[in-house]
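Report on the structure given below.
Numbering (our numbering), first residue to last: 59 to 494.
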């Protein structure tokens, strides 16, 4: 003998619970009905009674199955309507308006480079790019969004800044790019192309040609390195516009932990967050690191009592960073070739400066502007032919105006003032911008 102990989760009749669980499933009713009908046919029991009960159970099971099917369809309809309602909500539309600061989109042929499971290391390279730029320029690079795009060619990729395509490139997945540094005379066979970062002529070669190309002196790079280098250069070129007010606030908060009195003196009494952002953007636009934030902020605190013109403040900051500028452009113990500016041109530029409440602008005669641009192009070509950086050196008061005058024509030209060069630097002029 034994005792069967049961426990119900609710205070209700246990018999009702058992009945609902046994006879609340269509299959159970089918089985009971079939069993009763079987007994009515093959046994001497009352066939009319058992067949009637069997048919009744089977019909009940069928009715229950239909009811459950209708309930499931209704539930699916409700679920679809809920999903549609969710899509129609304004919040979902607003979320689609979010623009990623930096995007790298690529065709399906490049997916293996970004897929870790297939041995791709492009994601790791992106992490290194952000770290490299942070160390080099002193600012945090926003998250870089990587995604495949079936609308692109299989081997094509594009780079977007704030949702707008800035540059593109194309690679051959199973090839290497070989570039002649300029002194290799022997040519190698391959598919002609251009290096996407600097638009230099190059050749696609196979794995079997790689060793020979390197032995001849060619610079040989793999596809992931090509994309990573291209992405790095685009970020450098546009890092100033990627620096948001929130980024500046984060930099301020970090500096405030070690220099609270400096931040208290500078902000917001002397300068607002937007004005500091503009100064930092001006520096980054010309490739000057803002990593030495303490020196930058101390310089701003020293001169913001005199002027709040962000362009003028930028010039003061550049002069305080002359050690870093000299180290960047003028190698120690070497003579650096530069181009100078005719004093007459400097006088003409300063005479054309007009001051307004919104800042200063130039009113230089168009013909004179055209002549200055032509002379500048001619002189910096001398430096480029020597394999040197195109550096123009000017007096401090003229530097920012000459830079504004020429920046749309010469993206890579470096303009520095004499006050931004350390006293131990040796300079050699190879030409002068003049219109005489």
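Using N, Cα and C, we set each Cβ at its ideal position, and we do this for glycine too.
Residues near residue i in its chain [Cβ-Cβ closer than 8 Å; skip 5 each side]
i	result
residue 396	441, 449, 450, 451, 485, 486, 487 and 488
residue 480	380, 381, 384 and 388
residue 291	255 and 256
residue 407	420, 422, 456, 459, 460 and 463
residue 129	none
From the options, residue whose alpha carbon lies closest to that of residue i
i	options	result
residue 96	86, 108 and 85	108
residue 115	168, 102, 94 and 104	94
residue 342	329, 326, 328 and 293	293
residue 289	231, 203 and 345	203
residue 120	128, 88 and 106	88
residue 213	194, 233 and 199	233
residue 211	168, 438 and 402	168
residue 123	140, 100 and 83	83
residue 172	297, 360 and 231	231
residue 195	355, 345 and 360	345
residue 297	347, 322, 320 and 328	347
residue 498	224, 276, 131 and 225	Past the boundaries of the shown model lies residue 498; the chain is included only from 59 to 494, so the question cannot be answered.
residue 206	186, 174 and 164	164
residue 315	352, 334, 301 and 333	352
residue 354	391, 306, 139 and 390	306
Rounded separation between residue i and residue j - CA only
i	j	result
residue 179	residue 283	10 Å
residue 362	residue 483	30 Å
residue 59	residue 137	Reliability of the predicted coordinates at residue 59 is poor, the pLDDT of 48 falling under 50, and no value is obtained from them.
residue 426	residue 493	8 Å
residue 374	residue 432	30 Å
residue 325	residue 378	20 Å
residue 295	residue 331	23 Å
residue 217	residue 237	23 Å
residue 472	residue 393	17 Å
residue 349	residue 364	25 Å
residue 239	residue 201	33 Å
residue 166	residue 414	53 Å
residue 270	residue 264	11 Å
residue 435	residue 222	30 Å
residue 259	residue 134	60 Å
residue 155	residue 197	26 Å
residue 127	residue 141	21 Å
residue 429	residue 261	39 Å
residue 336	residue 372	9 Å
residue 159	residue 246	40 Å
residue 244	residue 229	24 Å
residue 304	residue 411	33 Å
Identity of the residues DSSP links to residue i by a beta bridge
i	result
residue 277	237
residue 360	Bridge partners of residue 360: none, in fact.
residue 253	258
residue 418	413
residue 452	475
residue 228	214
residue 204	162
residue 399	491
Residue i burial status per 10 Å Cβ neighbour count (16 or more: buried)
i	result
residue 457	buried
residue 460	buried
residue 267	buried
residue 85	exposed
residue 339	buried
residue 257	exposed
residue 299	exposed
residue 309	buried
residue 161	buried
residue 193	exposed
residue 219	buried
residue 444	exposed
residue 174	exposed
residue 106	exposed
Contacting residues, own chain, Cβ-Cβ under 6 Å from residue i (five flanking each side not counted)
i	result
residue 227	215, 254 and 288
residue 383	478
residue 467	431
residue 475	452, 454 and 457
residue 495	With the chain covering only 59 through 494, there is no way to say anything about residue 495.
residue 272	278
residue 376	478
residue 274	242 and 244
7 Å CB neighbourhood of residue i in its chain, flanking five on each side removed
i	result
residue 183	282 and 286
residue 112	91, 92, 94, 95 and 98
residue 176	170
residue 417	367 and 369
residue 398	451, 487 and 490
residue 103	97
residue 359	320, 323, 324 and 328
residue 118	87
Residue i beta carbon near the ligand PLP (any heavy atom closer than 8 Å)
i	result
residue 411	The ligand PLP is absent from the structure shown, which contains no ligand whatsoever.
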